[in-house]
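Below is one structure; the comments refer to it alone.
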Amino acid sequence: MDKIKIVGGTRLNGVIPISGAKNAALPLMIASLLTRETVTLANMPLLADVMLLERILGNHGVDYAIAGKRTGESVDAGRTVHLTAREIVDTTAPYDLVSRMRASFWVLAPLVARCGEARVSLPGGCAIGTRPVDLLLMALEKLGAKLDIENGYVVASAKNGLVGAEIDFPKVTVGGTHTALMAASLARGTTVLRNAAREPEVVDLADCLIKMGARIKGAGQSTIEIEGVGSLFGARHAVMPDRIEAGTYAMAVAMTGGDVLLAGARADLLQAGLDALVQAGASITETNEGLRVTRNGAGISPVDVTTAPFPAFPTDLQAQFMALMTRAKGVSRITETIFENRFMHVQELARLGAQIKLEGDTAIVTGADHLDGAPVMATDLRASVSLVIAALAARGETTINRVYHLDRGFERLEKKLRGCGAEIERITAAG
Numbered sequence: 001m002d003k004i005k006i007v008g009g010t011r012l013n014g015v016i017p018i019s020g021a022k023n024a025a026l027p028l029m030i031a032s033l034l035t036r037e038t039v040t041l042a043n044m045p046l047l048a049d050v051m052l053l054e055r056i057l058g059n060h061g062v063d064y065a066i067a068g069k070r071t072g073e074s075v076d077a078g079r080t081v082h083l084t085a086r087e088i089v090d091t092t093a094p095y096d097l098v099s100r101m102r103a104s105f106w107v108l109a110p111l112v113a114r115c116g117e118a119r120v121s122l123p124g125g126c127a128i129g130t131r132p133v134d135l136l137l138m139a140l141e142k143l144g145a146k147l148d149i150e151n152g153y154v155v156a157s158a159k160n161g162l163v164g165a166e167i168d169f170p171k172v173t174v175g176g177t178h179t180a181l182m183a184a185s186l187a188r189g190t191t192v193l194r195n196a197a198r199e200p201e202v203v204d205l206a207d208c209l210i211k212m213g214a215r216i217k218g219a220g221q222s223t224i225e226i227e228g229v230g231s232l233f234g235a236r237h238a239v240m241p242d243r244i245e246a247g248t249y250a251m252a253v254a255m256t257g258g259d260v261l262l263a264g265a266r267a268d269l270l271q272a273g274l275d276a277l278v279q280a281g282a283s284i285t286e287t288n289e290g291l292r293v294t295r296n297g298a299g300i301s302p303v304d305v306t307t308a309p310f311p312a313f314p315t316d317l318q319a320q321f322m323a324l325m326t327r328a329k330g331v332s333r334i335t336e337t338i339f340e341n342r343f344m345h346v347q348e349l350a351r352l353g354a355q356i357k358l359e360g361d362t363a364i365v366t367g368a369d370h371l372d373g374a375p376v377m378a379t380d381l382r383a384s385v386s387l388v389i390a391a392l393a394a395r396g397e398t399t400i401n402r403v404y405h406l407d408r409g410f411e412r413l414e415k416k417l418r419g420c421g422a423e424i425e426r427i428t429a430a431g
């Protein structure tokens with residue numbers, strides 16, 4: 001397995017292009033199952049999870065083509081892909097594929113909406129908690145799908161099609177909202193989603209579905225109304241910029257000091273995270289090109305944050321912000337309310353000299369004068385990049401093991417950081 005080696009102590013200066021959002025790209029790809037026509041997605045990130053979903057969709061009969069580069073197109077431009085589900089040849093999503101990426105379970109919704117049946121493996125465990133799929137299944141049942149669990153598979157049928165319904169989510173669920181949006185778009189009648197997720201990735205999916213002919217009102221608000229249509233069409237859509245990638249690199253600049261333009265980043269997608277960074281001592285300016293992040297001279301101030309659904313501080317930036325707080329001048333409290341097992345990075349940060357005490361769902365971080373490089377191990381996607389942030393500011397050399405987690409969600413991470421002066425390299429398993 002590949003490793004990443006970092007020698008800390010260098011300020012970051014330069015430009016980092018922000019890729020298309022993984023958490024938007026995956027549901028957008030799955031939505032291609034809803035139509036016989038071609039869905040073209042621009043600004044697609046090149047990530048392990050995207051490539052795995054290509055395989056899963058291909059198993060259902062989706063043709064996947066990558067457009068070549070165009071004249072004048074930046075080398076950093078995301079890929080443009082064409083997905084065509086002219087015929088669904090298989091409505092089963094097998095365990096060996098679904099078990100490797102939970103989001104692939106969402107194919108259940110478009111398959112049953114378009115074909116009237118689906119057999120999709122339950123996704124199994126997850127490194128950051130149980131992440132139950134019960135709310136996704138509840139939404140489909142409300143829309144008239146008959147569901148059974150057989151030998152670890154959800155078997156869904158709606159022989160006469162799905163029917164619009166009122167769906168009240170007992171708690172905010174991004175996956176449940178994605179699922180309900182896709183299924184309700186082809187259901188007969190009107191569907192109303194209450195306590196819907198407001199995340200920008202939900203809005204991005206709704207925008208694409210509207211281009212495909214769906215009738216959706218209120219995406220980005222807690223109540224969404226969908227008027228079902230008989231069929232959807234092809235469309236062209238650009239994947240939104242990755243707010244988590246932008247927030248991650250912004251925290252890296254706050255950690256090391258320096259001046260970096262996050263090209264293509266948008267403040268409105270992660271305002272709560274940016275507010276916390278400004279409190280910590282970073283300066284953030286929105287420009288026509290993106291977001292400029294600087295920290296010069298001033299130290300890092302301690303800031304308390306609590307994760308919660310959008311528009312609050314995102315759980316996907318919690319580990320990165322904790323890494324930043326390990327060098328703050330004082331004590332900060334970081335409370336995790338979304339996932340029950342998302343502090344696995346704490347013991348690895350401690351190997352670098354971080355002083356962190358856990359009390360239930362809260363981590364109490366006492367800033368240290370310095371961190372020292374050490375061998376550490378990545379445990380999940382966001383935890384692994386928190387170790388990168390800490391290593392960039394640590395004295396000496398840090399080796400991060402099991403970096404395949406990073407490849408699931410960060411495109412060309414070493415190249416982007418190296419372009420801003422970081423001393424970082426990947427050591428391949430063969431090397």
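Numbering (the UniProt record's numbering), first residue to last: 1 to 431. Think of the CB as a built atom: it goes at the ideal place given N, C-alpha and C, for glycine as much as any other residue. It should be emphasised that the depicted structure is a prediction, and the values quoted were computed from it without experimental measurement.
Residue i classed as buried or exposed, judged by whether at least 16 other C-beta atoms fall within 10 angstroms
i	result
His345	buried
residue 432	Outside the displayed span of the chain (1 to 431) sits residue 432, for which this structure offers no information.
Asn160	exposed
Ser32	buried
Gly68	exposed
Met1	exposed
Leu358	exposed
Ala429	exposed
Pro132	exposed
Gln279	exposed
Lys22	buried
Arg243	buried
Gln355	exposed
Asn151	exposed
residue 450	An answer regarding residue 450 cannot be provided, because it is not within the stretch 1 to 431 covered by the chain.
Ser19	buried
Gly264	buried
Asp204	buried
Three-state class that DSSP yields for residue i in the structure shown
i	result
Asp372	strand
Cys126	Confidence in Cys126 is poor, its pLDDT being 48 and thus under 50, which makes the residue's placement unreliable; the coordinate value appears in the next sentence. Correct three-state label for Cys126: coil.
Ser121	strand
Phe321	helix
Ser283	strand
Ser301	coil
Gly330	coil
Lys357	strand
Leu274	helix
Glu411	coil
Ala378	coil
Gly176	helix
Asn195	coil
Asp168	strand
Lys5	strand
Val403	coil
Thr315	helix
Ser19	coil
Met44	strand
Glu397	strand
Ile338	coil
Same chain, Cβ closer than 7 angstroms to residue i, five either side skipped, listed in chain order
i	result
Val385	Thr248, Gln320, Leu406, Phe410
Cys208	Leu28, Ala31, Ala235, His237
Thr315	Thr307, Glu336, Ile338, Phe339, Arg342
Thr177	Leu193, Ala196, Ala197, Val202
Leu273	At residue 273 the sequence reads Gly, which differs from the Leu that was named. Here the set comprises Gly247, Phe313, Pro314, Leu317.
Ala206	Leu181, Ile216, Ala219
Thr173	Leu135, Ala197
Glu141	Leu147
Val305	Ala276, Phe313, Phe321, Ile334
Contacting residues, own chain, Cβ-Cβ under 6 angstroms from residue i (five flanking each side not counted)
i	result
Met325	Ser332, Val365
Gly419	Gly14
Gly353	Ala368, Leu371, Asp372
Tyr95	Ser121
Ala158	Val112, Gly116, Gly144, Ala145
Leu270	Arg243, Gly247
Arg292	Leu261, Thr285
Phe310	Arg198, Glu199
Arg426	Asp2, Ile4, Glu414
Proximal residues to residue i (C-beta, below 8 angstroms), its chain only, five neighbours per side dropped
i	result
Gly281	Ala254, Arg295, Ala298, Gly299, Ile300, Ser301
Val50	Lys22, Ala25, Leu26, Met29, Met44
Distance cut-off 6 angstroms: residue i Cβ against heavy atoms of the ligand MG
i	result
Ser283	What this structure holds is no ligand at all, so the ligand MG is not there to describe.
Cutoff 7 angstroms: residue i Cβ touching any chain D Cβ
i	result
Gly189	Of the protein chains in this structure there is only one, and it is not chain D.
- Could you tell me whether the region 75–91 touches the region 160–176, using the rule of 3 or more Cβ pairs below 8 angstroms? These segments do not touch.
- Mind pulling the alpha helix (DSSP H) runs of 4 or more residues that sit fully within the region 48–119? Fully enclosed alpha helix (DSSP H) runs of 4 or longer: 48–60, 95–98, 108–115.
- Task: Determine, using beta-carbon pairs with one atom in the region 207–218 and one in the region 278–295, whether at least three such pairs fall under 8 angstroms.
- Result: Judged by Cβ distances under 8 angstroms, the region 207–218 makes no contact with the region 278–295, as fewer than three pairs qualify.
- Does the region 371–380 come close enough to the region 389–397 that 3 or more CB-CB pairs lie under 8 angstroms? Contact annotation: the region 389–397 touches the region 371–380, with at least three C-beta pairs closer than 8 angstroms.
- Message: Across the region 251–261 and the region 51–65, are there enough close Cβ pairs to call them in contact, namely three or more that are closer than 8 angstroms?
- Response: The region 251–261 and the region 51–65 do not touch, with fewer than 3 CB-CB distances between them shorter than 8 angstroms.
- Task: Taking only runs that begin and end inside the region 214–259, name each unbroken beta strand (DSSP E) of 3 or more residues, in chain order.
- Result: Runs of the beta strand (DSSP E) inside the region 214–259: 215–217, 223–227, 235–238.
- Do the region 170–185 and the region 226–233 meet, that is, are 3 or more Cβ pairs less than 8 angstroms apart? Between the region 170–185 and the region 226–233 there are three or more C-beta pairs closer than 8 angstroms, enough to call the two in contact.
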